[in-house]
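A.B. asks: Below you'll find the structure I mean.
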Amino acid sequence: MTPAKRRVPLRTCIVCGAKGPKRGFTRIVSTPEEGVKVDRTGRLSGRGAYVCCDARCSPSELRRGRIEQALKRRVTDDDWNTVTAEIVGDETERS
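See below:
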């Protein structure tokens, strides 16, 4: 008897809509205490949204409204600037 394959939850990129396992995505998290920020560990508590790490998906195309819709909250100017700087910085490191 062969062991059953384990089901891996799929995440969806809020920029391009690609689906895949968690390890291929960068998580953006909304916490009541700290606001909106990039979660490098993928383990912070709070509502999360994902941006894929695929070279074909450009995080520079990320729109503020998409993050707000996915996180179900308003994103402040400071949070927006911090998140976009970190994600675009990750994009340049991948290139």
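Under the working numbering, the first residue of the sequence shown carries the number 1120, and numbering increases by one thereafter. The C-beta atom is built at its ideal place from N, Cα and C for all residues, glycine as well.
(1) With burial defined as no fewer than 16 other Cβ atoms inside 10 Å of the residue's Cβ, what is the status of T1145: buried or exposed?
(2) Suppose you measure from the CA of E1180 to the CA of E1152; what does that come to, to the nearest Å?
(3) List the endpoints of the continuous alpha helix (DSSP H) containing R1183.
(4) Out of K1156, C1176, S1164, C1132, state which residue places its alpha-carbon closest to the alpha-carbon of R1193.
(5) Can I1133 and A1168 be called in contact, C-beta distance under 8 Å?
(6) Alpha carbon to alpha carbon, how far is A1123 from S1177? Give it in angstroms, no decimals.
C.D. replies: Walking through what the data contain:
(1) Here residue 1145 refers to the residue found at position 26 when the sequence shown is read from its first residue. Classification of T1145: buried, given that the 10 Å Cβ count is 16 or more.
(2) Numbered from its first residue, the sequence shown carries residue 1180 at position 61. Numbered from its first residue, the sequence shown carries residue 1152 at position 33. Distance between the alpha carbons of E1180 and E1152: 27 Å.
(3) In the sequence shown, the residue the question calls residue 1183 occupies position 64. First-last of the alpha helix (DSSP H) with R1183: 1183-1190.
(4) Indexing the sequence shown from 1 puts residue 1193 at position 74. Residue K1156 is the option with its Cα nearest to R1193.
(5) On the sequence shown, residue 1133 is found 14 positions in, with the first residue counted as 1. On the sequence shown, residue 1168 is found 49 positions in, with the first residue counted as 1. Yes, these two residues count as a Cβ contact at 8 Å.
(6) Sequence index remark: in the sequence shown, residue 1177 carries index 58 (1-based). Sequence index remark: in the sequence shown, residue 1123 carries index 4 (1-based). Each residue's Cα considered, the two are about 36 Å apart.
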